[in-house]
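Read in numbering that gives the first Met the number 0, the sequence shown has 234 at position 235, and its numbers run on one by one without any break. Ideal Cβ positions, reconstructed from N, Cα and C, are used throughout, including at glycine.
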Amino acid sequence: MIVRLNKFIAECGVASRRGADKLISDGKVKVNGTVVTKLGVEINDKSDVVSVDGVVLKQAERKVYLMMNKPKGCVCTAQDEDKNRKTVYDYLETDVRVFSVGRLDYDSEGLLLFTNDGELANYLTHPSHEIPKTYVVKVEGEVPENDLALLRKGVTLDGVKTKRAKIKFKETEQGGKIFKYEMTIFEGKNRQIRRMFEAVGKNVVFLKRVAIGDLRLGGLGRGKTRYLSDFEVEYLKNL
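Following this line, the structure appears as structure tokens:
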């Protein structure tokens, strides 16, 4: 396939297209052993050999997008060197190297995305995009309506007020001891929902992410993964 040299360099993960143009202008790029300094050059990405600073480039692996129903009791890092706990990668069902899009804490479960598409991951996690994430939250005892109103408007965590949130009561469990709510937030601070409820004096005993936008966990089994459909990937890119 004939592509622009700067696009090929960017797709190999070396730099952005603008950064690739600078590498070319600086004489750091060779095509088939010959230094190329002219911008706008096209190459055959299947047969031409491109190197940057003497390192031959390889096209990035195919883009992969997965959903996991993260179980409680594992962390989202690749290794847990301090406590040697299980990680989400112990459950991940793919042979392609991917990373998690955001995190769920050790005691939380539910929808977690994985990809090797850095552009999409950055888009979904950047605070300015306010991607809605919906959770099932169970707390000990009823949350008074005035406290629910406060959570909806935002509470102060570490000196910064949280963004707006949506909360609605669902049902009670264990003879009225546990109150179940559905909550949607539009940011992703560390342990945010747990800390928000702590701010109004309530303890979260269960937390599960069930949706990102309209992409829902559905009936995916705990600890299981599945590939996203093309439609789902396109939906996330346009959230």
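I think residue i touches residue j, with their Cβ atoms under 8 Å apart; what is that distance to the nearest whole Å?
| i | j | result |
| --- | --- | --- |
| residue 67 | residue 97 | Actually they do not touch by this definition, with Cβ atoms about 10 Å apart. |
| residue 22 | residue 8 | 7 Å |
| residue 183 | residue 236 | With 8 Å as the limit, residue 183 and residue 236 do not qualify as a contact, their Cβ atoms being about 20 Å apart. |
| residue 199 | residue 156 | The Cβ separation is near 12 Å, so there is no contact. |
| residue 69 | residue 38 | Their Cβ separation, rounded to whole angstroms, is 45 Å, which puts residue 69 and residue 38 out of contact at 8 Å. |
By DSSP, does residue i sit in helix, in strand, or in coil?
| i | result |
| --- | --- |
| residue 127 | helix |
| residue 225 | strand |
| residue 168 | strand |
| residue 141 | coil |
| residue 182 | strand |
| residue 6 | helix |
| residue 134 | strand |
| residue 238 | coil |
Measure the alpha-carbon distance for residue i versus residue j and round it to whole angstroms.
| i | j | result |
| --- | --- | --- |
| residue 75 | residue 100 | 10 Å |
| residue 55 | residue 204 | 52 Å |
| residue 201 | residue 73 | 24 Å |
| residue 127 | residue 211 | 16 Å |
| residue 43 | residue 58 | 12 Å |
| residue 120 | residue 113 | 8 Å |
| residue 224 | residue 185 | 24 Å |
| residue 26 | residue 233 | 37 Å |
| residue 108 | residue 89 | 15 Å |
Span of the beta strand (DSSP E) holding residue i?
| i | result |
| --- | --- |
| residue 67 | 64 to 69 |
| residue 22 | First-last for residue 22: 16 to 24, but that is the alpha helix (DSSP H), not the beta strand (DSSP E). |
| residue 274 | The first residue shown for the chain is 0 and the last is 238, placing residue 274 beyond what the model contains. |
| residue 41 | 41 to 43 |
Just to confirm before moving on: does the CB-CB distance between residue i and residue j stay below 8 Å?
| i | j | result |
| --- | --- | --- |
| residue 46 | residue 29 | no |
| residue 136 | residue 180 | yes |
| residue 19 | residue 31 | no |
| residue 147 | residue 177 | no |
Check for me: the alpha helix (DSSP H) holding residue i runs from which residue to which?
| i | result |
| --- | --- |
| residue 109 | Where residue 109 is concerned, there is no enclosing alpha helix (DSSP H), although the beta strand (DSSP E) it sits in stretches over 108 to 114. |
| residue 198 | 191 to 198 |
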